[in-house]
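Colleague: So for the first sequence, my numbering puts the first residue at 137; every next one is plus one. The C-beta atom is built at its ideal place from N, Cα and C for all residues, glycine as well.
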Amino acid sequence: MKTRTRFAPSPTGYMHIGNLRTALYEYLIAKAQGGDFILRIEDTDQKRYVEGATDIIYATLKRVGTNWDEGPDIGGNYGPYIQSERRNIYAEYAHKLVELGGAHYCFCSKEDADEQKDEEQNIKFQDPCKHLSLEEAKARVAKGEPYVIRQTINKSGKSKYHDEVYGDIEIDYDELDEGVLLKSDGLPTYNFANVVDDHLMEITHVVRGNEYISSTPKYNLIYEDFGWEHPQYVHVPPVMKDAQHKLSKRNGDASFQDLVAKGYLPEAIINYIALLGWNPGTDQEIFSLDELKKIFSVERLNKSPAIFDITKLTWMNGCYIRALPIEEFHKLAEPYYKECLSRKVDEEFLSKVLQPRVEVLGDIPNQIDFIEQVKDFSNDLYFNKKMKSDAEVAKKTLAEAKTVLAEADVWTNEALFEKLKALAETLGVKNGQILYPLRIALSGKETTPGGATEIAVILGKDETINRINQALARL
RNA sequence: GGUCCCAUCGUCUAAUGGUUAGGACAUCACCCUUUCACGGUGGUAAUAUGGGUUCGAAUCCCGUUGGGAUCACCA
């Protein structure tokens, strides 16, 4: 049987990291076995529907490369792939389930049910409609009385099923409540739509958050009542913000699009989240999607929650940025140059010095702001113990450097470096005693992308001399 | 509260009865050096806890503690 997995998000807005990781695992499980990855939109709750949310889902999945084989936009043999368009299918199966004895019509209001319940004291709703005869119930339905279809659970004892991650799960049937399957608006709840769709779409592996572990027996009952086989279950632990809280968009935690906007590369994000809850069993940490497709296995999925660590993602993103061909890095960096540079500089040279020093693209403006203008800085900045540099030294060497630079006719990094090195020799000082102060004078910053001569090249001769003069005046 | 699940360095994790408990990020030190980074070398740092079982336990069993999930006409 061909492996078929599905990503079934509800279009409620952002694509958060936990969701994306689930999609990734589903994709990888399918592709590791040459199977199909299906996209299905679960929009049975009209109240939560957010305009444009499906577009974000499409865009995100495309961006990371987890392309789907069947879905609302491309169709397939098991459509439609949007639940609101499958309304009639659910209704048909719901009524069938009633006939089969796995569900019953219920005429109670939500308030009636809520009143009876008490979670603290563990009192469940006992549905009086459960005992109505099918004829009577049908008659009331025919009369036009509002109703829902509720699951009927008559079993007792322990329900058992196997989960690929958590192993064997046992839950008492008494713990299960008879939830609504078909709402009064005629649309199904997740509890029902999922089972019907997964069966009809021939899904072989259901991957979802571990919050579904305890309700899975209810779904298995539905499968049983229909005489269907249930899929394999792969419940995955949540991605956490900290030890206590899940990553959630409500708290404004980073979503995929937020991270991309900050300058994280989709490839790096995917690589990082693949490793949040899964490991290859080797020391390798950098993986392309294609590599993951080859080696992913559910056996190596972890049971405990994983905290999302932006610091490690940042490191990994730096790895990806450094590995980029220079032209590609340049293309990614250019928009930031356009945004914050008005001075004309050799942008390709800038990219060259910048690339090994950028971890997140969004840091670029901060790293290059000195090119526009030097912010006020204290002369203490000239102090560096190792370089044997301080304001006094700077005063002398800067003046000397200025003379040499003013005479320079070839304005390249190599040429300038040779000249200043020669100057250091003539003066009998360390290279650093010239270069360190020069770098400070030109940038006003303790850290810069590149050394003194590289910055001089970026700034150009006139501006370099200009800045040395300004610095000298302040010493 | 009932039920279910989880528990190794600060973080992600490896070790499926026998390891000086390994790797990565972060952190610290040193080296390299033209700053910062990159790179290199090394260090600090963990089996929540109490009992069993066993020649031997991070690993198996039980209790405790801590955390999470669930108990919707949300998914």
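Between Leu383 and Asn155, what straight-line distance do the alpha-carbon atoms span, to the nearest angstrom?
Modeller: 10 Å
Colleague: Using 10 angstroms around the beta-carbon of His381, count the other beta-carbons present and answer buried if the total reaches 16, otherwise exposed.
Modeller: exposed
Colleague: Return the CA-CA distance between Leu323 and His298, expressed in angstroms with no decimal places.
Modeller: About 30 Å.
Colleague: List the DSSP bridge partners of His341.
Modeller: His341 pairs with Thr141, Gln368.
Colleague: List in chain order: all unbroken beta strand (DSSP E) runs of 3+ residues lying wholly within the segment 248-289.
Modeller: 284-287
Colleague: Is it true that the CB of Ala379 sits closer than 8 Å to the CB of Ile443?
Modeller: If you check the CB distance, Ile443 and Ala379 come in under 8 Å.
Colleague: Let's see if you can read the secondary structure: which residues bound the alpha helix (DSSP H) around Phe432?
Modeller: Per DSSP, Phe432 belongs to no alpha helix (DSSP H) and is neither H nor E.
Colleague: Could you give the DSSP three-state label for Pro324: helix, strand or coil?
Modeller: strand
Colleague: Buried or exposed for Val186, please, with buried defined as at least 16 other CB atoms from any protein chain shown within 10 angstroms of its CB.
Modeller: exposed
Colleague: Please look up how many angstroms separate the CB atoms of Lys377 and Asn387, rounded, as I've assumed it's under 8 Å.
Modeller: 7 Å
Colleague: Could you give the first and the last residue of the continuous alpha helix (DSSP H) run that contains Glu306?
Modeller: Counting along the chain, Glu306 falls outside any alpha helix (DSSP H), though it belongs to the beta strand (DSSP E) covering 303-308.
Colleague: Mind the definition here: the segment 489-498 touches the segment 510-523 only if three or more C-beta pairs lie below 8 Å; say whether that holds.
Modeller: no
Colleague: Do Gln569 and Lys524 have their beta-carbon atoms positioned less than 8 Å apart in this structure?
Modeller: yes
Colleague: Thinking C-alpha only, which one of Thr600, Met452, Met137 is nearest Glu543?
Modeller: Thr600
Colleague: By alpha-carbon positions, which one of Asp482, Thr548, Gln393 ends up nearest to Tyr194?
Modeller: The candidate whose alpha carbon is nearest that of Tyr194 is Gln393.
Colleague: Using the rule of at least 16 other Cβ atoms within 10 Å of the residue's Cβ for burial, across every protein chain shown, is His267 buried or exposed?
Modeller: exposed
Colleague: Indicate the three-state DSSP secondary structure (helix, strand or coil) for Asn415 in the structure shown.
Modeller: coil
Colleague: Does DSSP classify Glu178 as helix, strand or coil?
Modeller: Looking at Glu178 - three-state DSSP - the assignment turns out to be coil, as it is neither helix nor strand.
Colleague: How close, in whole Å, do the beta carbons of Arg142 and Ile174 come, if the pair is a contact with beta carbons under 8 Å?
Modeller: 4 Å
Colleague: At which residues does the alpha helix (DSSP H) containing Lys294 begin and terminate?
Modeller: Taken as a continuous stretch (DSSP letters only), Lys294 belongs to no alpha helix (DSSP H), being part of the beta strand (DSSP E) at 294-299.
Colleague: Taking 8 Å as the cut-off, decide whether the C-beta atoms of Ile153 and Ile409 are in contact.
Modeller: yes
Colleague: Below 7 Å CB to CB, which residues in the same chain sit around Asp526 once its five sequence neighbours on both sides are set aside?
Modeller: Closer than 7 Å at Cβ, skipping near neighbours: Tyr518, Phe519.
Colleague: Taking 8 Å as the threshold, find out whether the segment 200-218 comes into contact with the segment 251-267 through three or more Cβ pairs.
Modeller: no
Colleague: What does a CB cutoff of less than 6 Å around Ala560 pick up in its chain, not counting 5 residues either side in sequence?
Modeller: Closer than 6 Å at the Cβ level, and outside the excluded window around Ala560, lie Asn567, Ile570.
Colleague: If you follow the beta strand (DSSP E) that Tyr241 is in, where does it begin and where does it stop?
Modeller: 239-242
Colleague: Spatial neighbours of Thr158 within its chain, please: C-beta separation below 8 Å, excluding the five flanking residues on both sides.
Modeller: Sequence-distant Cβ neighbours of Thr158 in its own chain, meaning closer than 8 Å and more than five residues away, are Phe143, Val343, Arg344, Gly345, Val372.
Colleague: Under a Cβ-count criterion, where at least 16 other Cβ atoms within 10 Å of its own Cβ denotes burial, should Glu598 be classed as buried or exposed?
Modeller: Position check: residue 598 holds Asp in this sequence, whereas Glu was assumed. Result: exposed.
Colleague: My parser needs the alpha helix (DSSP H) runs of 4 or more residues fully inside the segment 428-468; what are they?
Modeller: 446-459
Colleague: So, using beta-carbon positions, are Asp656 and Lys296 closer together than 8 Å?
Modeller: With the chain running from 137 to 611 in the structure shown, residue 656 is simply not present.
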